[in-house]
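Here's the structure, in structure tokens; my notes come after.
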Amino acid sequence: MTNPTLPSSPTGTGLIAAPVILSSLGIPEIVLNAYRSAELTLMVEAPKCGVPWHLLAGIGRIESGHAGGGRTDSSGTTVTPILGPVLDGRLAGNEVIRDTDRGATDGDAGHDRAVGPMQFIPSTWAKYASDGNADGAADPNNVFDATLAAARYLCSGGLDLRDPLQETRAVLRYNNSGTYAANVITWSNAYRNGGTPTPSELSDSSTLPPGALTDAASDGSDLARELAVPPALPGEATPNPAAPAPAPLIPGLPPLPPLPCVFFCPPVDPAVPAPVPAQSAAPPPATPPAVGVR
């Protein structure tokens, strides 16, 4: 029996797209496997960090729509490279970041660009480059490699992401935008509970087109760029940019609105008034733990 002839790559990259199989969450299975694999690796490497797969999925959803809707080859490398805009200051909200790697990572020898499904700028990728699929290479265009690097980046500085405040700080380091952090965590919470956010739960941040985000530089420089809520993937609710943002959850940050009822939701009878909870003394506010940000 002769080997079958594989079709040529339509993108000229030499990569053949694997079939896209969507999970019940609307996340392509190969990308979901990358998120879960990174969580398992960090459980061993940094057990005190507690980075969950669904937080990585929230970042991946906003940064690239889960690797462009799962357009990867069988090893998880995107068939078409995912590149952010050239960071030359021409696009409103983007800072100027001159080339740091002679174009080796992003193909631009003049200025840096964000690369891959988790949108790393070259200088940050150089520090956190990872081989998540054990093929002997660290490639920011590979969803397993990029997701593991993102998990290590979020866990850097000794953060405990089980604490909501420290989780928010970690996401803000990834991109220094309150709206971005709120939307990432909203997606994360919805995925954790087996669903996706409703349109009204996502904050509007439509100052730049999808793909305009890059991660915050590891030296702490402010790359606060806003991103329009990306279009819905199959099985997801369509975000509504006109939806008003709820009141802040903590001072200085946009809110994390309540999640929709997903499991064991009781039927609602409009003729029966909602019960009024009994008043009880509020417990004293807890002192937030120290955050180990370096």
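Heads up, the sequence shown is in the numbering used here, so the first residue is 79 and it goes up one at a time.
All residues carry an ideal CB built from backbone N, CA and C; glycine is no exception.
Of the listed residues the options, nearest to residue i (C-alpha basis)
i              : options                        : result
leucine 134    : Thr202, Leu239, Ala96          : Leu239
glycine 143    : Ser234, Phe222, Ser153, Ile160 : Ile160
leucine 232    : Gly214, Val164, Val157, Lys205 : Lys205
glycine 147    : Ser281, Asp179, Ile105         : Ile105
aspartate 179  : Ser201, Glu173, Gly167         : Ser201
glycine 235    : Leu226, Cys127, Ile108, Arg139 : Cys127
isoleucine 94  : Arg149, Gly210, Ser102, Glu107 : Arg149
aspartate 177  : His189, Gly167, Ala170, Thr183 : His189
asparagine 211 : Pro97, Ala96, Tyr113, Gly92    : Tyr113
asparagine 219 : Pro195, Val174, Leu237         : Pro195
serine 102     : Pro277, Glu279, Ala268, Asp282 : Ala268
glutamate 141  : Val221, Ile175, Asp241         : Val221
glutamate 117  : Ser266, Thr225, Glu173         : Thr225
valine 129     : Val164, Ser255, Thr155, Gln244 : Gln244
Opposing strand residues paired with residue i [DSSP bridges]
i             : result
threonine 156 : Thr150
histidine 189 : Arg176
proline 277   : None, per the DSSP bridge assignment.
proline 106   : Leu100
Where residue i sits in the DSSP three-state scheme
i              : result
asparagine 267 : helix
proline 195    : coil
leucine 118    : helix
aspartate 166  : strand
arginine 176   : strand
proline 200    : helix
leucine 161    : strand
asparagine 261 : helix
serine 142     : helix
glycine 136    : helix
glycine 256    : helix
asparagine 211 : coil
lysine 126     : coil
alanine 182    : coil
alanine 112    : helix
First through last residue of the alpha helix (DSSP H) which encompasses residue i
i            : result
arginine 247 : 242–252
serine 102   : Here serine 102 belongs to no alpha helix (DSSP H), and DSSP marks it neither H nor E.
cysteine 233 : 221–233
Counted within 10 angstroms of its Cβ, other Cβ atoms place residue i as buried (16 or more) or exposed
i             : result
arginine 191  : buried
glutamate 123 : exposed
alanine 228   : buried
valine 157    : buried
isoleucine 99 : exposed
glycine 298   : In this prediction, glycine 298 scores a pLDDT of 31, lower than 50, which makes its location untrustworthy; the coordinate-derived value is nonetheless stated afterwards. It is exposed - the Cβ of glycine 298 has fewer than 16 other Cβ atoms within 10 Å.
glycine 185   : exposed
alanine 248   : buried
arginine 168  : exposed
proline 275   : buried
alanine 259   : buried
serine 34     : Because the chain in this structure spans residues 79 to 372, residue 34 falls outside the shown range and cannot be described.
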